[in-house]
Amino acid sequence: MAIKLEDKKAIVAEVNEAAKAGLSAVVADARGVTVAAMTGLRKEAREAGVYVKVVRNTLARRAVAGTQFEVLNDVFKGPTLIAFSNEHPGAAARIFKEFAKGQDKFEIKAAAFEGQFLAANQIDVLATLPTYNEAVAQLMSVIQGATSKLARTLAAIRDQKEGAAA
């Protein structure tokens with residue numbers, strides 16, 4: 001199906017804006033996935049702040065030119081589904097990884113984060129990044145553990161000095 005030049009320019013501009021604002025990107029091949037499943041994936045992605053678009057390879061190459069996602073140019077072969085995480089770097093990787101578990105024909109090709117190319121087998125690096133809330137919870141846990149240990153140590157020193165004075 002032929003796309004008019006104006007439409008191509010609009011697609012490139014739209015994907016380029018998403019790429020500039022994106023924290024990370026994941027590229028997949030969704031051939032053979034049902035429309036209903038893809039609709040569910042798009043809905044889940046939208047709720048997580050992830051931009052998802054099926055893009056022709058030449059348009060995708062032009063859209064990511066000059067961005068940190070230019071490293072993905074080599075994987076733009078065959079049907080291309082690209083997702084940009086806007087709020088959390090691991091969101092798109094996490095969503096695609098979970099989706100791939102239930103879809104045999106869904107294949108993650110690669111990802112990019114901070115200008116680094118991540119092959120499909122390295123997607124876990126991105127998918128396991130903690131969310132903002134998880135990171136804050138982990139930090140608070142570390143702080144609480146350290147302050148709790150400090151308080152116990154000070155109490156033990158106080159008890160030791162009181163025992164020696166008595």
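Residue numbering for the sequence shown follows the working numbering, beginning at 1 and increasing consecutively. The beta-carbon is built from N, C-alpha and C at its ideal position, and this holds for glycine as well.
Taking the alpha-carbon positions, what's the residue i to residue j distance?
i: residue 5; j: residue 11; result: 10 angstroms
i: residue 118; j: residue 25; result: 10 angstroms
i: residue 72; j: residue 86; result: 18 angstroms
i: residue 84; j: residue 124; result: 16 angstroms
i: residue 15; j: residue 151; result: 53 angstroms
i: residue 9; j: residue 61; result: 13 angstroms
i: residue 147; j: residue 88; result: 30 angstroms
i: residue 141; j: residue 149; result: 12 angstroms
i: residue 115; j: residue 7; result: 28 angstroms
i: residue 42; j: residue 121; result: 23 angstroms
i: residue 38; j: residue 21; result: 23 angstroms
i: residue 101; j: residue 111; result: 17 angstroms
Span of the alpha helix (DSSP H) holding residue i?
i: residue 99; result: 91 to 102
i: residue 7; result: 5 to 21
i: residue 58; result: 57 to 64
i: residue 45; result: 35 to 47
Beta carbon of residue i: closer than 7 angstroms to some heavy atom of the ligand PLP?
i: residue 29; result: This structure lacks the ligand PLP; in fact it carries no ligand of any kind.
Within 10 angstroms of its Cβ, does residue i collect 16 or more other Cβ (buried), or is it exposed?
i: residue 135; result: exposed
i: residue 94; result: buried
i: residue 109; result: buried
i: residue 78; result: exposed
i: residue 54; result: exposed
i: residue 107; result: buried
i: residue 75; result: buried
Starting from residue i, trace the beta strand (DSSP E) both ways and give me its first and last residue.
i: residue 107; result: 107 to 113
i: residue 53; result: 50 to 54
Where DSSP assigns a beta bridge to residue i, which residues make up the other side?
i: residue 122; result: According to DSSP, residue 122 bridges with nothing at all.
i: residue 83; result: 26, 52
i: residue 117; result: 112
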